[in-house]
Amino acid sequence: MTVVYHELLPESYLLILAPSHAEEPEAALAHSLHCAQRSGKAAVWVDCGMLHSLSDEAVRLLWVAHHQLEEKHAKLVLVHVPERVRRDLLKRELGPAPCIVPTLLDAARQMPHGIENTPD
34 MTVVYHELLP ESYLLILAPS HAEEPEAALA HSLHCAQRSG KAAVWVDCGM LHSLSDEAVR
94 LLWVAHHQLE EKHAKLVLVH VPERVRRDLL KRELGPAPCI VPTLLDAARQ MPHGIENTPD
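Okay, here's the thing in structure tokens:
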């Protein structure tokens, strides 16, 4: 998994993911999720629109990030999630699933303080 873009927004941290070679470790995803969690933002938005599937390691990393963010009263929000990616994520369901929304505007609506000014 390659992180092609990341941005610190006023109340959230945005990551945009792209596929990488299957034999590559998920080090970029692990590092980016770690940075996002340490940002102190109320939400981490992960845009999955360029993905076709998720590796088992990527699924594990997303679930771990989801649980760690919940402990901090923050939220993992997955955006633009193709159906196959959704199935990959939910086949390993480990409790309540992360929030999955169709657009960045919908992700902004998940914020407790209303809608942020974000492009979609």
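In the working numbering, each residue's number is its place in the sequence shown (first place is 1) plus 33.
Even glycine gets a Cβ: it sits at the ideal position worked out from N, Cα and C.
Everything numeric in this text was worked out from a predicted model, so none of it was measured.
In terms of DSSP beta bridges, what is residue i paired with?
i: D80; result: I49 and V112
i: V134; result: V112
Distance, Cα to Cα, residue i vs residue j?
i: E116; j: Y38; result: 22 Å
i: D140; j: S53; result: The sequence as given places Ala at residue 140; Asp does not occur at that position. Cα-Cα distance, rounded: 25 Å.
i: Q101; j: M83; result: 25 Å
i: T151; j: L138; result: Low confidence applies to T151: its pLDDT is 43, below 50, so where it sits in the model is not reliable, and the reading given next is rough at best. The straight-line gap from Cα to Cα measures roughly 7 Å.
i: E57; j: M34; result: 8 Å
i: V92; j: H113; result: 16 Å
i: L87; j: L41; result: 24 Å
i: K105; j: H67; result: 13 Å
i: E44; j: A75; result: 6 Å
i: A98; j: R142; result: 21 Å
i: W78; j: L95; result: 11 Å
Would DSSP call residue i helix, strand or coil?
i: E40; result: strand
First and last residue of the alpha helix (DSSP H) that includes residue i?
i: H64; result: A60 to R71
i: E103; result: D89 to E104
i: R125; result: Looking at the DSSP string, R125 is not in any alpha helix (DSSP H), and its letter there is neither H nor E.
i: A141; result: L137 to R142
Got a sec: does the ligand SAM put a non-hydrogen atom nearer than 7 Å to the Cβ of residue i?
i: L137; result: Ligands displayed in this structure: none; no statement on the ligand SAM is therefore possible.
Mind the definition here: the region 56 to 71 touches the region 121 to 130 only if three or more C-beta pairs lie below 8 Å; say whether that holds. By the Cβ criterion, the region 56 to 71 is not in contact with the region 121 to 130, since fewer than three pairs of Cβ atoms, one from each stretch, lie closer than 8 Å.
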